[in-house]
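Engineer: With this note's numbering as the guide, the letters of the sequence shown map in order to residues 304 to 864. Structure incoming, see below.
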Amino acid sequence: MPLDRITTRDRLAWLNSAGSRIGTTLDLERTAQELAEFIVPGFADGAAVDILESVLRGDEGSRWTGTGVPLMRATALCAIEELSALEPTPVGETFLRTEQAHETLLHRYCLRQGKPVMVSRMRDDDFIKVAPTESAAAKMRAAGVHSYLAVPLIARGLLLGSADFVRGPGTPPFSSTDLAVAEHLASQAAVYIDNARLYGREREHVVSLQRTLLPRATPATPGLRVQAEYAPSTAPEGVGGDWYDVMPLPGGRTALMVGDVMGHGLPAAATMGRLRAVARTLMTLDMAPERVLARLDLATRDLEDEQVATFLCAVFDPADSTYTLASAGHLPPLLLDGRGSAEFVDLPIGAPLGAGVIPYDPIRLTAQAGGHLVMYTDGLVKSRHADLDHQLERLRSAACGLAPEVLEGGGLIDCAPAGAARFDEAVLLVAAIAPAAPAGLREWQLPQEGRAASVARGLVTDQLAAWDLTELADVCELVVSELVGNALRYGNGPGRLRLLRGERLVVEVSDTGPDLPQIQHADLSDEGGRGLQLINMLCRRWGSCRTVTGKVVWAEQNLPS
304 MPLDRITTRD
314 RLAWLNSAGS
324 RIGTTLDLER
334 TAQELAEFIV
344 PGFADGAAVD
354 ILESVLRGDE
364 GSRWTGTGVP
374 LMRATALCAI
384 EELSALEPTP
394 VGETFLRTEQ
404 AHETLLHRYC
414 LRQGKPVMVS
424 RMRDDDFIKV
434 APTESAAAKM
444 RAAGVHSYLA
454 VPLIARGLLL
464 GSADFVRGPG
474 TPPFSSTDLA
484 VAEHLASQAA
494 VYIDNARLYG
504 REREHVVSLQ
514 RTLLPRATPA
524 TPGLRVQAEY
534 APSTAPEGVG
544 GDWYDVMPLP
554 GGRTALMVGD
564 VMGHGLPAAA
574 TMGRLRAVAR
584 TLMTLDMAPE
594 RVLARLDLAT
604 RDLEDEQVAT
614 FLCAVFDPAD
624 STYTLASAGH
634 LPPLLLDGRG
644 SAEFVDLPIG
654 APLGAGVIPY
664 DPIRLTAQAG
674 GHLVMYTDGL
684 VKSRHADLDH
694 QLERLRSAAC
704 GLAPEVLEGG
714 GLIDCAPAGA
724 ARFDEAVLLV
734 AAIAPAAPAG
744 LREWQLPQEG
754 RAASVARGLV
764 TDQLAAWDLT
774 ELADVCELVV
784 SELVGNALRY
794 GNGPGRLRLL
804 RGERLVVEVS
814 DTGPDLPQIQ
824 HADLSDEGGR
834 GLQLINMLCR
844 RWGSCRTVTG
854 KVVWAEQNLP
864 S
């Protein structure tokens, strides 16, 4: 309907529709563009929205003081076809108009005073007061622009920016009624813009907090190359509690963890940080994956906000290239064999953390040299239009089509089913099996008889000599004698002896006994009970953990400088 024939009722109906067409998202720049598109052609023939640069960074707006103009950025433009030849400041360009001969720039006055400016019928000398350049002023004059209106965008008493409107040939000049309408609309739009600013700032804080709580780098561990990526959501509401961790364990093993706290925002990110800290503590105690999940379930239930999380834990053993995995409601990992095929790991999916349904059942699988284990969160496959099974199959196909170096470099993030426009954040962790066992790892099967300690001492002595670490031999022989002796006495005989040379020297003995060793406080008259006390004094640290078949006891020595 032509602007000169719009009734008061039509204008009110148009204003009422603003609530459903402006501020449909919490994206600040999109909200500004929606304002410009709503204005044209229902109210004006051309519209430009400029926002303070500080507001676009998430800071509060500015207070007008009558002097000085803050740095602005052209944020949105819209115009009818007849005004397409105009030269407004391009979207995305910042500007700070310097004092010039035309000191009475109307746009500057609007920003300085925080008041609207209206020129119903523009004279020749008014165009230079409105346009950003002399060339733009000439094009406005040539296009037949005859009326100008600028209103400040003010929310909570602070200036956020301004909106400029123009009318061209065939439309009536702006009136006092139009001025009141523009002020009302600008006030409403400013609230939406400020809400978007506040949400954007909170999102930045959440992303910063989350990145701070995630590992800065993945550690180098024997027999395994691990790369991990965190990809924030492109949607404002998609930032929350996805996380991962990689930890070296005694005996050259590596713990891989991926989790997802339900919900979004600061509460989910804070819960993620707490769960990751608990998981690292439990892993430091060298607990089996299924036991870590059980303890994490208790910790999650103790949280005041009663949040729920999924969690996947895998422990890699380089001696035989095996993974021990346990899942708490998490999506299954993908195992690639290095020869072009991939399958999802068939493991029991336990209840999510916080549900209180335990126990969690582990599985053990062997990975091929050159293969990859892919762990991820649901943001990589989540879709509003396709079912999960279909998305998982697409993920498997995408992973098979990637070269190993691209897969390890995080390429699956971009070609995953959710794509670059995912509405939920995603974590991707790719573990690549080294082609051969690490040179600093040796493992032997010990005999199930009394000479096992003697055999173990001989193996350790020969290996330390081969590694040119003979100065550690005396302590290491004592340690291995004690560990093997305990296995014979309490653990149904020793199983395997492992020696690992990494940043430190680790000796490890396994057996089938269920009970973990504890240091005994022996009296002066006792003949036994001092073995673990000696290990505790002579070694940097020692510990034990349960396995599927029994337990492993280990001790760690510092290497000579």
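Positions of the beta carbon are idealized from the N, C-alpha and C atoms, including for glycine.
Beta-carbon separation of S423 and S465 under 7 Å?
Structural biologist: Contact flag unset, no.
Engineer: Compare the C-alpha of P391 against each of A377, E384, R804 and M678 and name the closest.
Structural biologist: Among A377, E384, R804 and M678, the Cα nearest to that of P391 is on A377.
Engineer: Measuring straight from C-alpha to C-alpha, what distance separates E752 and E785?
Structural biologist: Going by the C-alpha atoms only, they are around 15 Å apart.
Engineer: Check K442 in the structure and name its three-state DSSP category.
Structural biologist: Three-state result, K442: helix.
Engineer: In chain order, what are the residue ranges of uninterrupted alpha helix (DSSP H) at least 4 long that sit wholly in the region 744-806?
Structural biologist: Taking only runs of at least 4 residues, the alpha helix (DSSP H) segments lying wholly in the region 744-806 are 755-769 and 776-793.
Engineer: Out of A489, G554 and S686, which one is the CA nearest neighbour of C413?
Structural biologist: C413 has its Cα closest to that of A489, out of A489, G554 and S686.
Engineer: How many Å lie between A404 and S686 at the Cα?
Structural biologist: For A404, the predicted model reports a pLDDT of 39, less than 50, meaning its position is unreliable; a value from the coordinates is still stated below. A404 and S686: Cα-Cα distance of roughly 57 Å.
Engineer: With a threshold of 16 other CB atoms inside 10 Å of the CB of A702, please say whether the residue is buried or exposed.
Structural biologist: Its Cβ being crowded by 16 or more others within 10 Å, A702 is buried.
Engineer: Have a look at the DSSP bridge pairing and note the partners of R847.
Structural biologist: Before going further, note that residue 847 is Ser rather than Arg in the sequence given. V856, per the DSSP bridge assignment.
Engineer: Is it true that the region 493-509 meets the region 334-354, where meeting means three or more beta-carbon pairs spaced less than 8 Å apart?
Structural biologist: As far as the Cβ criterion goes, the region 493-509 touches the region 334-354, which means the pair count is three or higher.
Engineer: If I follow the unbroken beta strand (DSSP E) through M421, where does it start and stop?
Structural biologist: V420 to V422 is the span of the beta strand (DSSP E), which, as asked, contains M421.
Engineer: State the Cα-Cα distance for the pair R312 and Q416, rounded to the nearest angstrom.
Structural biologist: Each residue's alpha carbon lies about 32 Å from the other.
Engineer: What is the residue span of the alpha helix (DSSP H) that I822 lies within?
Structural biologist: No alpha helix (DSSP H) holds I822; DSSP gives it neither H nor E.
Engineer: Please list, in chain order, all residues of the same chain as A339 whose beta carbon is under 8 Å from its beta carbon, the five residues on each side excluded.
Structural biologist: Taken in chain order, the residues that qualify are A350, A351, V352, A379, L380, C381 and A466.
Engineer: Taking DSSP's pairing of strands, which residues face R376 in a bridge?
Structural biologist: DSSP lists I354 and T397 as partners of R376.
Engineer: Are G657 and V611 close, meaning C-beta to C-beta below 7 Å?
Structural biologist: Yes, the Cβ-Cβ distance between G657 and V611 is below 7 Å.
Engineer: Output the boundary residues of the alpha helix (DSSP H) element that contains Y495.
Structural biologist: Here the alpha helix (DSSP H) through Y495 covers S479 to L516.
Engineer: Over the uninterrupted beta strand (DSSP E) stretch that includes S465, give me the two end residues.
Structural biologist: Counting along the chain, the beta strand (DSSP E) containing S465 begins and ends at L461 to R470.
Engineer: Within the same chain, show all residues whose beta-carbon is closer than 7 Å to that of P655, passing over the 5 residues directly before and after it, in chain order.
Structural biologist: If we look at P655 and ignore the five residues flanking it on each side, its Cβ neighbours are V611, A612, T613, A631 and G632.
Engineer: For T603 and L578, what's the separation of their Cα atoms in angstroms?
Structural biologist: Roughly 7 Å between the two C-alpha positions.
Engineer: Measuring CB to CB, does V856 end up less than 7 Å from V787?
Structural biologist: Not closer than 7 Å, so no.
Engineer: Assuming V484 contacts R314 (C-beta within less than 8 Å), just tell me the rounded distance between them.
Structural biologist: About 6 Å; that satisfies the 8 Å criterion.
Engineer: What is the C-beta distance between V433 and L409, in whole angstroms, given that I count them as a contact (C-beta under 8 Å)?
Structural biologist: 6 Å between Cβ atoms; contact.
Engineer: Does the distance from the C-beta atom of F647 to that of P665 stay below 7 Å?
Structural biologist: Going by C-beta atoms, F647 is not nearer than 7 Å to P665.
Engineer: Pairing CB atoms from the region 799-806 with CB atoms from the region 816-825, are three or more of them under 8 Å?
Structural biologist: Flag = no, the region 799-806 and the region 816-825 do not touch.
Engineer: Is the separation between the beta-carbon of S624 and that of A670 shorter than 7 Å?
Structural biologist: Against a cut-off of 7 Å, the Cβ pair of A670 and S624 comes out as a contact.
Engineer: Based on Cα-Cα distance, which residue from W317, Q336 and L318 lies nearest to G326?
Structural biologist: When each option's Cα is compared against that of G326, the closest is Q336.
Engineer: Taking only three categories from DSSP, how would you classify V433?
Structural biologist: Three-state DSSP puts V433 in a helix.
Engineer: Using the rule of at least 16 other Cβ atoms within 10 Å of the residue's Cβ for burial, across every protein chain shown, is D727 buried or exposed?
Structural biologist: So D727 counts as buried.
Engineer: Taking its Cβ as the centre, do 16 or more other Cβ atoms sit within 10 Å of S387, making it buried, or is it exposed?
Structural biologist: Counting Cβ neighbours within 10 Å, S387 comes out exposed, since fewer than 16 surround it.
Engineer: Leaving out five residues on either side along the sequence, give the residues of the same chain with a beta carbon under 8 Å from the beta carbon of T515.
Structural biologist: No residues qualify anywhere along the chain.
Engineer: What ranges does the alpha helix (DSSP H) occupy inside the region 563-649, keeping only unbroken runs of at least 4 residues that lie completely in it?
Structural biologist: Whole alpha helix (DSSP H) segments, 4+ residues: 569-587 and 592-604.
Engineer: So which of P551, R504, S536 and I496 has the shortest CA-CA distance to A520?
Structural biologist: For the residues P551, R504, S536 and I496, the minimum Cα distance to A520 belongs to P551.
Engineer: How about A734 and T680: are their beta carbons less than 7 Å apart?
Structural biologist: Not a contact, by the Cβ cut-off of 7 Å.
Engineer: Shorter than 6 Å, the distance from the beta carbon of D497 to the closest heavy atom of the ligand ADP, or not?
Structural biologist: Absence of the ligand ADP is noted for the structure shown, with no ligands found whatsoever.
Engineer: Can you have a look at L527 and say buried or exposed, based on whether 16 or more other CB atoms are within 10 angstroms of its CB?
Structural biologist: Buried, because 16 or more other Cβ atoms sit within 10 Å of the Cβ of L527.
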